[in-house]
Amino acid sequence: MYNKRICILLVTTFIILLAGFTAISAADVNDTSVDTSSLSSTTQVDKSPVLTTVADNDNNIKTDRDDAIKTQLKTTKKVDTESYVTTKDSTKTKNTNKTIKTENPTITVTDGNYGKYFDDDGTRNINPNTTVILNGAFYNKTFIIDQEFITLTGNNATLHNGHIYVTDMASNSTISNLVINSTGMENVINNEAWDITIKNNKITLTNSEGITEGITNNGDNVLIVNNTVDVYGPAKDIDWTGGSREGLALTFAIFNDGGNNVIIENNTARSGRSKDGDDSPFGTIDGIELKSGNNVTVSNNYIEVSGARFVYGLNALSEVYNVVLSNNTINVTSERYIAGIQIGNSARNCSILDNKIYGVCYNTTIFTQDNEALAFGIITTSMGGSESRNMTVAGNIMNLNATIVYGMEIYTTYDTIIDKNLVNAIGNYSMGMSLAHSPNSIVTNNVFNTTGNSNIPINPIVEEIAPANTGIQIQQNSTNAYIANNIVITTDAGNNAKAVNIETTNNVAIINNTLFANGKTGDDAVNASSNLINITVNDNHGPITKYDAMVILNIPKTISTGSTLNLNFTVKDKETEKLINGKAIVKINGVTLKDDDGEIIKLNVVNGIANLSYILKGYSAKEAKVTIVFANSTYNRAESTGMLNITKTNVKLESNDMTVYTGETITINQTLFDSNNNPIYGNTTVAVKINGVTVKNTKIVNGNLLVNITVPSIKAGKNVLTIILGENNRYNSVSVNSTLTVLKQDPVIKIEKITAKPGEYVTLKATIVSNVTKTPVTSGNYVFKINGMTVNNTDEHTFEQVTVQNITNGIATLSTYMDISANDGVYNVTVVYSGNNHINSGRSTESCLIIKA
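Numbering (our numbering), first residue to last: 8 to 860.
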């Protein structure tokens, strides 16, 4: 469709480049560890088995197949796409030595100036190492990137019916931050170059016919991360007759077509059938598709597929090597056939780890060619091609509901590790996992819960592994199968369940599994056809049978917070009323009680009886729910609940008499306890009053009353100090009075020196403070005397005279005219202070007035 030109000059350049090319080695692939959540090997089943299993086993299975899991390109969930640089045939490596040109021009492209920079042949007026910012809305535009080191990014850019084509000449380029809504195109972003990053784009593609792919990649060393891709296309039958689309559906959200060293991570990929799209009897739609490719990682993606009769969440067929499919969440729904993950056709050294797969498949419409509706969680297969080898399937969770369910189908796959997976399968026929034509498989620490009803008839199907209500099916030359430490719980309303079924294969070991199949347990739940060789069935056991208990609780109806709660309870067998032993915990309002060291209080139930004394420290006054939870190894969890009315309690507040001076700062420091001698909890408001007047508002934090108060100017003698604690949701209000004895202080009078002339208008000044607290005296009368003679204060303008004055903030002043006939000399100045209700009277004389003509 596009011109990928270059003539003789390109050939010459290519020869020069080839001569200088140095290959970079592939990533280290020595990591063989599997780190998945552990699953238990102990399962508990009630007498009338409604079966639930809890998985929690940490067995480590060691094999001599060190290449079972290969290390891929590694990223975190939110990919840091800025800090990697790649070279052809290499994995991503940290960019410590960038050789990118320092020149980095930026141009802004709009719908209006598009033709200046792009046309049908590629870029115009754009050099390598340029940042191209698309700004605003674009309509029916194609952007062909044909230069190296181009960053094509959006600034609030929306491409209406837009298309991005990255040619094989545009290595080390980035496509980011674009919103693209298109129709009538085979793909929205099509990459053919090396070292490309496609990130943070939002893509929607809708077609009624033809190829419909959101992102298509053919290049190596590519990051496809943090994109949202929604595609709606035809559900067309797959063409198996040959050609470039042989074996491929037409509709994918993301398609890696042979690219090596590729990371597809943290994307949202949704695929479905368009409103007018084909809906063929075998029409197929996939979420993410991998065709060929080496060192490809698909992780942390959300994948959702529906709308076709055949849907695949993640499909990786045709010679994929060293592929890791991990931590993806996959939702698949259909009426005919669903598969969460399928991988195979000469796949090598691949890992399927820690994925969550949810699938539902039931027919609501009938086609003439219909079989029954099938659901598969994970498939490893050959699809008629060469066998696959060295596969690891670990830590996956599958919840499947369909007419016929296969949790995991391992078909024509050699040397497989299947470890710590959880399969919950519900259908008419439900199978946990199956092995067919798959030798050397290790199946350990998995949990298979299957529920079926073979009483309901089904249409015949063409699957080689026949539908059955079986936990683990082993057939057709799957030799050297080792099945250990698994939990298999399978039930069939038609009573045809098998925990493990072995057919037409030799050399199988079934060891130390927990097995249950319609009442058969342990070794008896294993079925092996006759004439088989080296079938070992040892040490398998059934789930523990558990009985029902009842708890009878006795608690008081009412109790105050901070009091000691004394409760007792009795535990009996629910049917026989036999007293039983075990352990119990106590919860109040859903919170488990703990001791002072923070450890959960576990009560021993002996001969059916247990008691608990517990101080209700800090509990609010309200109705509380008390719950006893009992369990032991042979009885199911049992609970009993009672209601307890918690009321408020009183606080003990001490009276503390004090002797003080006014202006003195006193400290009130008490640790407060409730009436049960527990420190009070939470925040409690406090008011402090002297003679009924509030002098301080504060809060007590967790029982510590600490407040500093400056004694105001109050009368000497006995005063009343009151502390009031406010009411809250734990404690009643309380107040206490103490005697505050205020002592009088003596005045300290200091007269300032002054020099005046006879007849001059001057101001005499003195300061009066208390002798203990050194605070200014704020009330009381005073007079001034000069050489023993009382002097009046004289207004300079009105000549109005006053003998006795009131002190203000510790300052005493007198303004007057000096005697015109006064002789030169030093005169005595006396200040006489009358005192007040907390300061004694006093006087002071100083030789401080100098008259000099």
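From the three backbone atoms N, C-alpha and C, an ideal C-beta is built for every residue, glycine too.
Item: Close beta carbons around residue 364, own chain, < 6 Å, minus the five adjacent residues each side; Value: 337, 347, 384 and 405
Item: In chain order, each beta strand (DSSP E) run of at least 3 residues that lies wholly inside the segment 437 to 507; Value: 448 to 451, 454 to 459, 477 to 482, 488 to 491 and 494 to 499
Item: Sub-8 Å separation of residue 701 and residue 626 beta-carbons; Value: no
Item: Residue 438 versus residue 444 - alpha carbon distance; Value: 17 Å
Item: Local Cβ density within 10 Å of residue 131, reported as buried at 16 or more and exposed below that; Value: exposed
Item: Rounded separation between residue 199 and residue 154 - CA only; Value: 12 Å
Item: Residue of 448, 499 and 399 minimising C-alpha distance to residue 456; Value: 499
Item: Beta-carbon proximity of residue 431 to residue 453, cut-off 8 Å; Value: no
Item: Where the alpha helix (DSSP H) through residue 121 begins and ends; Value: 121 to 124
Item: Helix, strand or coil at residue 530 [DSSP, three-state]; Value: helix
Item: Close beta carbons around residue 676, own chain, < 6 Å, minus the five adjacent residues each side; Value: 713
Item: Residue 101 in three-state terms, based on DSSP; Value: Its pLDDT being 35, under 50, residue 101 is placed unreliably in this model, and the coordinates cannot settle the point.
Item: Neighbourhood of residue 794 by C-beta, 6 Å cutoff - its chain only, sequence neighbours within 5 removed; Value: 834 and 835
Item: Extent of the continuous beta strand (DSSP E) run through residue 167; Value: 158 to 167
Item: Among 212, 269 and 787, nearest to residue 278 - alpha-carbon criterion; Value: 212
Item: Own chain, CB closer than 6 Å to residue 362, minus 5 neighbours either side, in chain order; Value: 335 and 403
Item: Any 3 or more C-beta pairs closer than 8 Å across the segment 278 to 292 and the segment 303 to 317; Value: yes
Item: Cβ-based neighbour list, residue 210, same chain, cut-off 6 Å, excluding 5 preceding and 5 following; Value: 187, 195, 221 and 236
Item: Cross-strand partners of residue 845 (DSSP beta bridge); Value: None, per the DSSP bridge assignment.
Item: Same chain, Cβ closer than 7 Å to residue 635, neighbours up to 5 away in sequence not counted; Value: 558, 560, 576, 591, 593, 646 and 647
Item: Neighbourhood of residue 135 by C-beta, 8 Å cutoff - its chain only, sequence neighbours within 5 removed; Value: 108, 154, 155, 156 and 157
Item: DSSP bridge partner residues for residue 357 (one or two, in chain order); Value: 398
Item: Distance between residue 386 and residue 117 (C-alpha atoms, nearest Å); Value: 47 Å
Item: Own chain, CB closer than 6 Å to residue 234, minus 5 neighbours either side, in chain order; Value: 208 and 274
Item: Beta-carbon proximity list for residue 664, same chain, < 6 Å, skipping 5 on both sides; Value: 745 and 746
Item: Residue 560 - partner residues in DSSP beta bridges; Value: 576
Item: Through-space distance from residue 486 to residue 441, alpha-carbon basis; Value: 13 Å
Item: Integer Cβ distance of residue 877 from residue 738, believed to fall under 8 Å; Value: What the structure shows of the chain is the stretch from 8 to 860, and residue 877 is not part of that stretch, so it cannot be assessed.
Item: Residues near residue 394 in its chain [Cβ-Cβ closer than 8 Å; skip 5 each side]; Value: 353, 419, 420, 421 and 444
Item: Short Cβ contact (8 Å threshold) for residue 308 with residue 295; Value: yes
Item: Beta-carbon separation (whole angstroms), residue 758 vs residue 773, contact threshold 8 Å; Value: 4 Å
Item: Given residue 572 as reference, the closest of 139, 529 and 650 once Cα atoms are compared; Value: 650
Item: Pairwise C-alpha distance: residue 562 and residue 602; Value: 20 Å
Item: Straight-line Cα distance separating residue 304 from residue 331; Value: 5 Å
Item: Helix, strand or coil at residue 334 according to DSSP, with G and I counted as helix; Value: coil
Item: Sequence-distant residues of its chain with Cβ nearer than 7 Å to residue 599 (five each side left out); Value: 592 and 607
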